[in-house]
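*Asks:* Mind looking over this structure? Questions follow.
Numbering (mature numbering (1 follows the signal peptide of the UniProt record, and there is no 0)), first residue to last: -24 to -1, 1 to 491.
Next comes the structure, spelled out in structure tokens:
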């Protein structure tokens, strides 16, 4: 596979998921999903329907015997459903729907809450021709619903209607599960997908049609012993196992020390409060007073505010795009901003005092007024901030950080001008020099008062081998306005470094170093 093609595949599935999994059940009600790892060349040529050797077929997917360790029992054999991993950007496993079970490969996504698969009634979407389709007429446990439904993901969308049937996960059968039969899968996102559908593990609050999620029914129907599930994603490309999901508990062999737990602050996503983000041990400034974050197995990379991603791009030498809006603000108002910061003006009010934004009591809001500067700037409103207001607010954060380091005015202005040339690419991809990884800084996230570090080898994705290798930054920009934001999405790159526990019973998320 060509390097350019390999790199470009990461972004289209950015908000569509997860890690390569394998289900298993134990005598005590646990369901374990083990993940497999393969090199990119192997994955690119892997048949979507291929199964591991010496596996017996079950309605929930191919299973093999596996000895569970740690918290999952010391002497019990369990069944594991093998999942496939495509380029560390799509992780999927097999489930069954109906009686007898019709097999589908699905993404296990903590960033959404519905289960959907293609419908036999999907006639006009190309994606449906390349994937398995649910046939209600072939299931004795099917119940008609017919209510229309539509879901918009970060990339891609589907539409269809609700149906009800039994869903098999491993050896467990969830009875009377509402799910969506997708009759429309527009665009190319799902055409190239190695999975048929998505199984959401988020809260019911974001479930389209208020459908009860599969995870809720696993708990409500007494199919798991504890209302907890956990992820271990093996980022060792040489490892045979890709990782695991455990429904009903955790496996102590896959983490070190104790988990740091934080409460879910807003149900829907697995959202929690997060503190400062450090680059090479130095504050980025933007989240010092708090940000929100989501633990999302359905996101391949790490998404965060442009203000911080730009600083990371600069620190790691990632390619970016030049913002003339940003450079104009710095050229005409840079010295004024520095003087106001030195005079201890409130940073959040500076851009409204200059005239770029209004102030609503918590943050700047685009004024939509015309001025000499605005006439030179391309106003690209996102409904809250226009380009000038956004550029000004980023400059304030950057300058405030450099003042803490006692830099001179010229040093600060030069640094901020450099950042104006490192804004994240709209395409989402930023290239990093592969031979520079050893010299790049760590990036740390403050969660529950503890620092969670990512080394360069962990936040940079390497695509291809030898002279054809290309390194892609694992950080992309995502700006969410208050009160929901600023928001970080901690995807597989973070969850691969840190074993993650989703405690539904206590409404908490826990992180510990993966083992």
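Glycine included, every Cβ here is placed at the ideal spot set by N, Cα and C.
Apart from the five residues just before and just after residue 530, which ones in its own chain have a Cβ nearer than 8 Å to its Cβ?
*Replies:* The requested residue 530 does not occur in the structure, where the chain is confined to residues -24 to 491.
*Asks:* Got a sec: is the Cβ-Cβ distance from residue 212 to anything in chain C below 8 Å?
*Replies:* Within the model displayed, chain C is absent; a lone protein chain is all it includes.
*Asks:* Thinking residue 471 and residue 269 are a contact (beta carbons under 8 Å), I'd like their distance in whole angstroms, please.
*Replies:* The residue labelled residue 471 in the question sits at position 495 within the chain shown. The residue labelled residue 269 in the question sits at position 293 within the chain shown. With a Cβ gap of about 12 Å, residue 471 and residue 269 do not count as contacting.
*Asks:* Any idea what DSSP makes of residue 514, helix, strand or coil?
*Replies:* Here the chain comprises residues numbered -24 to 491, so residue 514 is not present and cannot be evaluated.
*Asks:* How about the stretch 431 to 451 and the stretch 254 to 265: do they share at least three Cβ pairs that are nearer than 8 Å?
*Replies:* In short, these stretches do not touch, since the Cβ pair count stays below three.
*Asks:* In the structure shown, what three-state DSSP assignment does residue 113 receive?
*Replies:* As a working mapping, residue 113 is identified with position 137 in the chain shown. Residue 113: helix per DSSP, three-state reduction.
*Asks:* Going by C-alpha distance, which of 332, 454, 78 is nearest residue 278?
*Replies:* Here residue 278 refers to the residue found at position 302 when the chain shown is read from its first residue. Looking at the Cα atoms, 454 is the closest of the given residues.
*Asks:* I'd like to know whether the C-beta atoms of residue 405 and residue 469 end up nearer to each other than 8 Å.
*Replies:* Here residue 405 is taken as the residue at index 429 of the chain shown, counted from 1. Here residue 469 is taken as the residue at index 493 of the chain shown, counted from 1. For residue 405 and residue 469, no; Cβs fall outside 8 Å.
*Asks:* Would you decide whether residue 444 is buried or exposed? Buried here means 16 or more other CB atoms lie within 10 Å of its CB.
*Replies:* As a first step, residue 444 must be located in the chain shown, where it is residue number 468. Label assigned to residue 444: exposed.
*Asks:* Decide if the stretch 242 to 257 is in contact with the stretch 382 to 401; the criterion is three or more beta carbon pairs, one per stretch, under 8 Å apart.
*Replies:* They do not touch, by the three-pair rule.
*Asks:* So is residue 318 buried or exposed if we call it buried at 16+ other beta carbons inside 10 Å?
*Replies:* Your numbering for residue 318 matches position 342 in the chain shown. Result: exposed.
*Asks:* Kindly list the residues whose CB is nearer than 7 Å to the CB of residue 330, restricted to its own chain and excluding five residues on each side of it in sequence; keep chain order.
*Replies:* In the chain shown, counting from the first residue as 1, residue 330 sits at position 354. Only 309, 312, 368 meet the Cβ criterion.
*Asks:* Cα separation between residue 253 and residue 223?
*Replies:* For the purposes of this step, residue 253 is taken as the residue at position 277 of the chain shown. For the purposes of this step, residue 223 is taken as the residue at position 247 of the chain shown. Each residue's Cα considered, the two are about 31 Å apart.
*Asks:* If you count every other CB in all the chains shown that lies within 10 Å of the CB of residue 124, and 16 or more means buried, which is it?
*Replies:* The residue given as residue 124 occupies position 148 in the chain shown. Burial call: exposed.
*Asks:* Check this for me: beta carbons of residue 178 and residue 88, under 8 Å apart or not?
*Replies:* Within the chain shown, numbered from 1, the residue matching residue 178 stands at position 202. Within the chain shown, numbered from 1, the residue matching residue 88 stands at position 112. Contact flag set, yes.
*Asks:* For residue 427, is the classification buried or exposed, using 16 other Cβ atoms within 10 angstroms of its Cβ as the cut-off for buried?
*Replies:* Translated into the one-based positions of the chain shown, residue 427 becomes position 451. It counts as exposed.
*Asks:* Classify residue 246 as helix, strand or coil using the three-state DSSP reduction.
*Replies:* Taking the first residue of the chain shown as 1, we reach residue 246 at position 270. Looking at residue 246 - three-state DSSP - the assignment turns out to be coil, as it is neither helix nor strand.
*Asks:* Take residue 438 as the anchor and find which of 169, 182, 108, 211 has the nearest alpha-carbon.
*Replies:* One-based indexing of the chain shown puts residue 438 at position 462. Cα-wise, what sits closest to residue 438 is 211.
*Asks:* How many angstroms separate the CA atom of residue 482 from the CA atom of residue 150?
*Replies:* By 1-based counting over the chain shown, the position of residue 482 is 506. By 1-based counting over the chain shown, the position of residue 150 is 174. Each residue's Cα considered, the two are about 23 Å apart.
*Asks:* Alpha carbon to alpha carbon, how far is residue 282 from residue 353? Give it in angstroms, no decimals.
*Replies:* As a first step, residue 353 is located in the chain shown; it is residue number 377 there, counting from the start. As a first step, residue 282 is located in the chain shown; it is residue number 306 there, counting from the start. Annotation note: pLDDT 31 at residue 353 (below 50); position unreliable, coordinate value reported separately. Going from the Cα of residue 353 to the Cα of residue 282 covers about 18 Å.
*Asks:* Quick one, are the C-beta atoms of residue 474 and residue 457 less than 8 Å apart?
*Replies:* As a position in the chain shown, residue 474 is number 498, starting the count at 1. As a position in the chain shown, residue 457 is number 481, starting the count at 1. In this structure, residue 457 does not lie closer than 8 Å to residue 474 by Cβ.
*Asks:* I need the DSSP call for residue 192, collapsed to helix, strand or coil.
*Replies:* Position 216 of the chain shown holds residue 192. Helix.
*Asks:* Mapping the DSSP letters down to three states, classify residue 254 as helix, strand or coil.
*Replies:* Taking the chain shown and counting its residues from 1, one reaches residue 254 at position 278. If DSSP states are grouped into helix, strand and coil, residue 254 belongs with the strands.
*Asks:* What does DSSP give as the partner residue(s) for residue 83 in the beta ladder?
*Replies:* Indexing the chain shown from 1 puts residue 83 at position 107. Answer by DSSP bridge pairing, in chain order: 174.
*Asks:* Beta-carbon within less than 6 Å of residue 286's beta-carbon, same chain only, minus the 5 sequence neighbours each way: which residues are those?
*Replies:* In the chain shown, residue 286 corresponds to position 310, counting from 1. So the list reads 395, 398, 399, once near-sequence residues are dropped.
*Asks:* What residue from 68, 295, 460, 85 has the CA that sits closest to residue 402's CA?
*Replies:* On the chain shown, residue 402 is found 426 positions in, with the first residue counted as 1. Cα-wise, what sits closest to residue 402 is 295.
*Asks:* Using a threshold of 8 Å, state whether the C-beta atoms of residue 91 and residue 155 are closer than that.
*Replies:* For the purposes of this step, residue 91 is identified with residue 115 of the chain shown, where counting begins at 1. For the purposes of this step, residue 155 is identified with residue 179 of the chain shown, where counting begins at 1. A contact, by the Cβ cut-off of 8 Å.
*Asks:* Report the three-state DSSP secondary structure of residue 454 (helix, strand or coil).
*Replies:* Along the chain shown, one-based indexing puts residue 454 at 478. Coil.
*Asks:* What residues in its chain sit with their C-beta under 6 Å from that of residue 332, if we drop five residues either side in the sequence?
*Replies:* Position 356 of the chain shown, counting from 1, holds the residue named residue 332. Closer than 6 Å at Cβ, skipping near neighbours: 364, 365, 368.
*Asks:* Buried or exposed for residue 442, please, with buried defined as at least 16 other CB atoms from any protein chain shown within 10 angstroms of its CB.
*Replies:* Translated into positions along the chain shown, residue 442 becomes position 466. By the 10 Å Cβ count, residue 442 comes out exposed.
*Asks:* Can you tell me the Cα-Cα spacing of residue 73 and residue 302, whole angstroms?
*Replies:* Sequence index remark: in the chain shown, residue 73 carries index 97 (1-based). Sequence index remark: in the chain shown, residue 302 carries index 326 (1-based). When rounded, the distance between both Cα atoms is 52 Å.
*Asks:* To the nearest angstrom, how far is it from the Cα of residue 377 to the Cα of residue 175?
*Replies:* Residue numbering aside, residue 377 sits at position 401 when the chain shown is read from its first letter. Residue numbering aside, residue 175 sits at position 199 when the chain shown is read from its first letter. Cα to Cα, the separation comes out at about 42 Å.
*Asks:* Could you pull the DSSP bridge partners for residue 141 from this structure?
*Replies:* What you label residue 141 is simply residue 165 of the chain shown in a count that begins at 1. Per DSSP, 153.
*Asks:* Between 383, 280, 231, which lies nearest to residue 477 when the distance is taken from Cα to Cα?
*Replies:* By one-based count along the chain shown, residue 477 stands at place 501. For the residues 383, 280, 231, the minimum Cα distance to residue 477 belongs to 231.
*Asks:* Checking 8 Å against the spacing of the C-beta atoms, do residue 173 and residue 94 come in under that value?
*Replies:* For the purposes of this step, residue 173 is taken as the residue at position 197 of the chain shown. For the purposes of this step, residue 94 is taken as the residue at position 118 of the chain shown. Contact flag set, yes.
*Asks:* Excluding the 5 residues preceding and the 5 following residue 191 in the sequence, name in chain order all residues of the same chain whose CB lies nearer than 6 Å to its CB.
*Replies:* Translated into the one-based positions of the chain shown, residue 191 becomes position 215. Excluding sequence neighbours, residue 191 sits near 177.
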